[in-house]
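Engineer: Once you've had a glance at the structure underneath, I'll fire off some questions.
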């Protein structure tokens, strides 16, 4: 085959799916009347059909890859073309043409018709894609898209009735839920074999693999094809308008499961579970569907339950798991699509003619709608399996097939089919005679008018086809069934020829018996409702219960997860983090082998007292004071650990935190109880093990030989390259300047945040509240000293303990002292800029210090150092880190001062009764 | 120094977790402050402790000098923790002003103890006993 | 163009806006301009990293591991691009006309500063500067939370601040122990040395980091702060938060995932945490009626998928985690933007008080449909590929029970999206008597843009997954990757 042909066929196949999409898009975009919309939809389907016929005539065969969508996940858009897939596609497109045309007539002037037809077109495209896809994941994609479209389709009448959402949700959740295991199944198949159906056919998977794949895929089949116990969504979906039901429940949606079974038969048909599961499930569905159909008054619901029954029959047939059974199943699938589509459309016609669908009100329609009567007669005959219609032919084939099956399966299957079929004959009779014969049982029925051509053409065509299918058995066999079933099964099937008359055979006898008993049943039960079964087992109710149960569970859960008591979770975070250190408990033994440090022990003792007081003493302020005491002991520990910068920082931070606490205390402690916190054993049981884990960590870390790389580098490079003797400060200002920059920004933001939080409190902004005379005089003395100290900390920080942070904190303390003594108004008057602006300028200086080296072609935050000797006498060391550190000082000092002032003003306005 | 350090970490962490598990926000915040102290000490324990502070003398060697990097880390961490604590105080104040309870769990033990007058009394040194 | 500019440009913009405080419209235009520049740069570095190049910027000319370096590989580039795009969409949605002059003026500089923090976090090759960057992002987010000024936003911010302080304490402690056993905090250096570290301390260090990041990523049971906080944020800001801020925890986990390989128990811990989050999060979402609260419970669930895949610790699993994270960011941001429009047009946050008959309903319904079905994993939208990838990964690692939890979770995801549909978009037969007046008019640009991003992402899933896969190989395969020498 030439490349050009392959390319052409790829495009043609893509076109099949694309045509309805285009039609749908056109209809979404343009406001057309429903009649035109129906025409556009039908044209889309018609073009698809034409392309399918073209490919059939070309005898296209093989895989056509369109697009490698996600190769790593094996998602490839490719079409599998052979007479089998194309024939099923042709059926879908053909019924599509008829249904769209019907829909154009059905919706009349209603505004939603156009959108419904557009969605129906998209649905058709998804269905065609599902049929033609070669890649399992694309098949899954189209599978889900059919479900999604059906959601919107079932929901079409939302403006008229309020049960559509529940029905649509049921259909979508059930089918999508069922499809998820299938996705796993597909992944499994792709991992043991291939994601391409064609390639899978060439493999012979071991039975175990076949079984696993089958079990994973089965839920999807059962849910989509409405098998018990997932059948309930199908009758519910009757909330959709008739054209939609006619399409979804005849040729398309519900057939997807069966089509998948047919496709998978060559892949995992070898597992014994295939028969063991499918036959009983299909059988039960077949019987139950018939039974429920028999009890319906609404003929549309009757058709829905009949669909359930016949889907069961087909599942059972396919479940027999032999080539011949598949052949029979394929034939029935086509026959069913034709008569069921025709019957649903006829129901639409009846509804339109008599304005009712209830058997209790219908009757005698033959008089007024003779054409519909004849078409319905043929279609019903086909459904009931009467000769010479398609239904008869296919049911014969199924029954004939049974004589070849294994004994036990045979018995089960025969009983199920016979019972189901008797029911079928009975409810078909009920539908047909109840609607068309007798006398009208209501005024509407007696005044029925013949529906227009739009309602009649589709049943006419479908009835004709059902007839042709039966009469032309010989040709159908040769030109249709043989190529289709052979290419779907992947090998030639030896089978007796299809014919209406085989002589007197077992199947014929059974058929005759079914018709007789069916008729008898109809006569006995006519007009009597049958109980629908126990309500507790009703699908929709179970589904609703399941959803509300999940909601209730979720409600509890959300309360537990995000309710009013998160304190447990604060602890849980720490538990989750520290529990991994518990295995280090062994190291706690080192406690006794190390030497104790006297000074350290003293500090520790004070710390212990402070912490004990924190927990055991009453009083809210005591707690905060003792927290400060703990902070000071920690500073002393830093001193013992040779960390002078930390000592300074810790002390200043402790002072500042205390100041802020003091400023906000009135508001903070209002809800804190003054009674002692006390000991509770449950909390201790959590806290002590974690504390021990922390101690164990310290011992374990001590036992590790420290890595000298980084400290030695810093200690070497700081004095030589970075020109600084206080290595901690050099690290902050130079080696790790980025951290310092970001951290400073964090402080600025926190300070601005304090301002923002208290913004609403600004009405009595500046206060003249100030310290007493003595305080002011003292401050006058202390303030210059404090500022000098802060400046010294900044300038000397490179070589001695100090630096930007410490200096900034000192400035902040000085400033707080200042405005506390003089009042914020005079304080503001004395400084040129608002403190929060100073902070922002500080940040901009930091940014400038970052950018300037970059302008000079160096990386961000590169510093230069040197010695300046004016007059040759002094040697003044200079470093650009000073510029950076000035930014830090401005930011920290400005930010903290601004925040403190805001709190101060808020506190004091309150005391003045300002707010 | 190691046993002291370990014992201190044990004390701070135990008390910290214990307080974090309490119900009122102030206790939780105090607890977190203690946990932060413990964490900073663990951080210092991770480097070599040395016998001399990392503030060098001109021309001096680097023998026995403490690892400066954890100290720099701790300094950064202290400042960040301070910023967060200050912000938290302000947020608590703003909330209290707007009349919102800010307990983690709404379980006050007696309403009188929380009245503004009671707080005022405590501030002025007239501590009320429950 | 230097990597440092990614950090400096938004930071400088933010502080200039703080200083000048121009009118909201001008401020917004400036930010939009900056974000467009950032998108351009982001695409440029994504292309460069796609060729296998690793971009490095060493601060102060100090070579790693002594100094700090920004190191951008594929993973970093992906997240930078993602954030740049989401920032743009957020800025488009955040208009003074709809959200108020005051809000926009205050939010923009903070968004810019948060952006620089995020970029810094995505770029830094040093764990301690990752810590400070995360703190920067957190503090900006606290400030953003307080903007609406409502009591509720303050109340909800409290637990978030406190839990993040706990997590930060663990973060630092973990870093301390890691420094003790590896001798540096440069990621590449740590990856190289961690193999020789003693087991006990290694477990302790990584355990603390995992707990800290799991909290920031909001996994069950450490997630409670998120559903409390996000519903109170200014909506477009919430969109950005939901899209990217929770991913910061995920990003950090991804970065340390090569380390976690040495302690498999932590990986299983993460995996189970992820699988249970996926299920429990969505169950909790199902019961909610407040739209944005529902959505934030969803985030818990979806992050569960990501962390599950990450916990598998295979290249494929990691790739799936990254892919899923990208998908989820786009989709969740879109949903929050839709929620914003719905809330404003219905004058209510409660689903039960919503009504579909609104101007722009059809556009909004379409956008919602795209995002919601993408989130529910309906093919061929991005969520399907994400889910497929995670399932593939789980399959490869034979984690059947975890997979089963995810499968059940995905059914509920669909059910919860349908719940939103039902209340916000379902047509009803009975006309409502009173139709509340919308606060403002419908503004479709942002939601349409977001939906377009989802569609493009879905269509380009192939190349994107390819890129992501290479990113996963890069972070997990090659040691010494983050060192600045290259």
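Protein chains in written order, with the working numbering: chain A, -13 to 901; chain B, 551 to 680; chain C, 2 to 487. Here a beta-carbon is modelled for each residue, glycine too, at the ideal position from N, C-alpha and C.
Determine the chain B residues that contact residue 129 of chain C at a beta-carbon separation under 7 Å, and present them in chain order.
Structural biologist: In the third chain, counting from the first residue as 1, residue 129 of chain C sits at position 128. 623, listed in chain order.
Engineer: So residue 111 of chain C contacts chain B; which residues on that side make the cut at Cβ distance below 9 Å?
Structural biologist: Position 110 of the third chain, counting from 1, holds the residue named residue 111 of chain C. Neighbours of residue 111 of chain C on chain B: none; closest Cβ ~14 Å, over 9 Å.
Engineer: Determine which residues of the stretch 21 to 39 of chain C have a Cβ less than 9 Å from any Cβ of chain A, and write them out in chain order.
Structural biologist: Under the 9 Å Cβ criterion, the stretch 21 to 39 of chain C contributes no residue.
Engineer: Can you look up residue 1 of chain C in the DSSP assignment and give me helix, strand or coil?
Structural biologist: Because residue 1 of chain C is not part of the residues shown, which for chain C are 2 to 487, the question remains open.
Engineer: Check whether chain C comes within 8 Å of residue 611 of chain B, counting only Cβ atoms and requiring the distance to be less than that.
Structural biologist: Residue numbering aside, residue 611 of chain B sits at position 61 when the second chain is read from its first letter. Not an interface residue.
Engineer: With 8 Å as the threshold, decide whether the Cβ of residue 644 of chain B is near any Cβ in chain C.
Structural biologist: The residue you call residue 644 of chain B lines up with position 94 of the second chain. With 8 Å as the cut-off, residue 644 of chain B counts as an interface residue toward chain C.
Engineer: The beta strand (DSSP E) spanning residue 66 of chain A covers which residue range?
Structural biologist: As a first step, residue 66 of chain A is located in the first chain; it is residue number 80 there, counting from the start. Its beta strand (DSSP E) spans residues 61 to 67.
Engineer: When the Cα of residue 419 of chain C is compared with those of C/473, C/286, C/463, C/192, which residue comes out closest?
Structural biologist: If you number the third chain from 1, residue 419 of chain C lands on position 418. Taking only the C-alpha atoms, the option nearest residue 419 of chain C is C/286.
Engineer: Grab me the residues of residue 708 of chain A's own chain with a C-beta within less than 6 Å of its C-beta, minus the 5 sequence neighbours each way, in chain order.
Structural biologist: Counted from its first residue, the first chain places residue 708 of chain A at position 722. Here the set comprises 716, 720.
Engineer: What are the boundary residues of the beta strand (DSSP E) that residue 70 of chain C is part of?
Structural biologist: As a working mapping, residue 70 of chain C is identified with position 69 in the third chain. Here the beta strand (DSSP E) through residue 70 of chain C covers 70 to 73.
Engineer: Under DSSP, the beta strand (DSSP E) around residue 56 of chain C begins and ends at which residues?
Structural biologist: On the third chain, residue 56 of chain C is found 55 positions in, with the first residue counted as 1. 56 to 59 is the extent of the beta strand (DSSP E) around residue 56 of chain C.
Engineer: Against chain A, which members of the stretch 45 to 76 of chain C pass a CB distance test of less than 8 Å?
Structural biologist: Flagged, chain order: 58, 59, 60, 61, 62, 63, 66, 67, 68, 69.
Engineer: By Cβ distance, which residues of its chain are closer than 7 Å to residue 878 of chain A, with the 5 residues on each side in sequence left out?
Structural biologist: Taking the first residue of the first chain as 1, we reach residue 878 of chain A at position 892. Correct list, in chain order: 730, 733, 791, 794, 795, 798.
Engineer: Closest Cβ-Cβ distance between residue 669 of chain A and chain B: below 8 Å?
Structural biologist: On the first chain, residue 669 of chain A is found 683 positions in, with the first residue counted as 1. Yes, residue 669 of chain A counts as interfacial toward chain B.
Engineer: Distance check for residue 535 of chain A and residue 527 of chain A, CA to CA, integer angstroms please.
Structural biologist: The count along the first chain starts at 1 and reaches residue 527 of chain A at position 541. The count along the first chain starts at 1 and reaches residue 535 of chain A at position 549. So the alpha carbons of these two residues sit roughly 12 Å apart.
Engineer: For a cutoff of 8 Å on Cβ pairs, would you count residue 871 of chain A as touching chain B?
Structural biologist: Sequence index remark: in the first chain, residue 871 of chain A carries index 885 (1-based). No, no contact with chain B.
Engineer: Taking C-beta pairs closer than 9 Å, name the residues in chain A that residue 447 of chain C reaches, listed in chain order.
Structural biologist: Counting from one through the third chain, the residue named residue 447 of chain C turns up at place 446. Here the premise fails: no neighbours, minimum Cβ distance about 23 Å.
Engineer: Are the C-beta atoms of residue 266 of chain A and some chain B residue less than 8 Å apart?
Structural biologist: Within the first chain, the letter at position 280 stands for residue 266 of chain A. For residue 266 of chain A, the answer is no, since every Cβ of chain B falls outside 8 Å of its Cβ.
Engineer: What residues are listed by DSSP as bridge partners for residue 851 of chain A?
Structural biologist: On the first chain, position 865 is the one that residue 851 of chain A refers to. In the DSSP output, where bridge partners are listed per residue, residue 851 of chain A has A/865.
Engineer: One question on the structure: do residue 696 of chain A and residue 66 of chain C come within less than 8 Å of each other, judged by their Cβ atoms?
Structural biologist: One-based indexing of the first chain puts residue 696 of chain A at position 710. One-based indexing of the third chain puts residue 66 of chain C at position 65. Result yes, Cβ atoms of residue 696 of chain A and residue 66 of chain C sit closer than 8 Å.
Engineer: If we count Cβ pairs, one from each stretch, closer than 8 Å, do we get three or more for the stretch 287 to 301 of chain A versus the stretch 431 to 438 of chain A?
Structural biologist: Touching, no, given that fewer than three Cβ pairs across the two stretches are closer than 8 Å.
Engineer: Give me the Cβ distance between residue 35 of chain C and residue 9 of chain C, rounded to the nearest whole Å; I'm assuming they're in contact under 8 Å.
Structural biologist: For the purposes of this step, residue 35 of chain C is taken as residue 34 along the third chain, with counting starting at 1. For the purposes of this step, residue 9 of chain C is taken as residue 8 along the third chain, with counting starting at 1. Actually they are not in contact, since the Cβ atoms of residue 35 of chain C and residue 9 of chain C sit about 11 Å apart, beyond 8 Å.
Engineer: Measure from the C-beta of residue 308 of chain C to each C-beta in chain A and report whether the shortest distance is under 8 Å.
Structural biologist: By 1-based counting over the third chain, the position of residue 308 of chain C is 307. Closer than 8 Å: no.
Engineer: Quick one: Cα of residue 736 of chain A to Cα of residue 766 of chain A, how far?
Structural biologist: Reading the first chain from its first residue, position 750 is the one you call residue 736 of chain A. Reading the first chain from its first residue, position 780 is the one you call residue 766 of chain A. Between residue 736 of chain A and residue 766 of chain A, the C-alpha separation is close to 30 Å.
Engineer: Where in the stretch 130 to 213 of chain C do unbroken runs of the alpha helix (DSSP H), each at least 4 residues long, occur, reported from the N-terminal end onward?
Structural biologist: With a minimum length of 4 residues, the continuous alpha helix (DSSP H) runs that stay inside the stretch 130 to 213 of chain C are 152 to 183, 188 to 194.
Engineer: State yes or no: is the beta carbon of residue 551 of chain B nearer than 8 Å to at least one beta carbon in chain A?
Structural biologist: Along the second chain, read from residue 1 onward, the residue named residue 551 of chain B stands at position 1. Judged by the 8 Å Cβ criterion, residue 551 of chain B is in contact with chain A.
Engineer: Could you tell me whether the Cβ atoms of residue 395 of chain C and residue 385 of chain C are closer together than 8 Å?
Structural biologist: For the purposes of this step, residue 395 of chain C is taken as residue 394 along the third chain, with counting starting at 1. For the purposes of this step, residue 385 of chain C is taken as residue 384 along the third chain, with counting starting at 1. Cβ atoms of residue 395 of chain C and residue 385 of chain C: not closer than 8 Å.
Engineer: Using three-state DSSP, classify residue 388 of chain A as helix, strand or coil.
Structural biologist: On the first chain, position 402 is the one that residue 388 of chain A refers to. Here residue 388 of chain A sits in helix by DSSP.
Engineer: Can you tell which of A/484, A/705, A/866 has the C-alpha that lies nearest to the C-alpha of residue 461 of chain A?
Structural biologist: Within the first chain, numbered from 1, the residue matching residue 461 of chain A stands at position 475. That would be A/484, whose Cα lies nearest to the Cα of residue 461 of chain A.
Engineer: At the 8 Å Cβ level, is residue 143 of chain C part of the contact set with chain A, yes or no?
Structural biologist: As a first step, residue 143 of chain C must be located in the third chain, where it is residue number 142. For residue 143 of chain C, the answer is yes, since a Cβ of chain A falls inside 8 Å of its Cβ.
Engineer: Mind pulling the chain A residues with CB within less than 7 Å of residue 80 of chain C?
Structural biologist: The sequence position of residue 80 of chain C within the third chain is 79, counting from 1. Chain A residues near residue 80 of chain C: none, gap ~18 Å exceeds 7 Å.
Engineer: Can you name the residues of chain C whose CB is closer than 8 Å to the CB of residue 636 of chain A?
Structural biologist: Along the first chain, read from residue 1 onward, the residue named residue 636 of chain A stands at position 650. Within 8 Å Cβ-Cβ: nothing; residue 636 of chain A doesn't reach chain C, min ~15 Å.
Engineer: Give the DSSP-derived three-state secondary structure of residue 712 of chain A in the structure shown.
Structural biologist: For the purposes of this step, residue 712 of chain A is taken as the residue at position 726 of the first chain. In the structure shown, residue 712 of chain A sits in a strand (DSSP, three-state: E or B).
Engineer: Just reading off the alpha helix (DSSP H) that residue 106 of chain C is part of, what are its end residues?
Structural biologist: Walking along the third chain from the start, residue 106 of chain C turns up at place 105. That run of the alpha helix (DSSP H) goes 102 to 124.
Engineer: I'd like the list of long-range same chain contacts for residue 205 of chain A, defined as Cβ closer than 6 Å, with 5 residues on each side in sequence excluded.
Structural biologist: Within the first chain, numbered from 1, the residue matching residue 205 of chain A stands at position 219. Excluding sequence neighbours, residue 205 of chain A sits near 164, 167.
Engineer: If you drop the 5 nearest sequence neighbours on each side, which residues of the same chain put their C-beta closer than 6 Å to that of residue 369 of chain C?
Structural biologist: Residue 369 of chain C sits at position 368 when you count from the first residue of the third chain. Once the five neighbours on either side are set aside, the close Cβ partners of residue 369 of chain C are 339.
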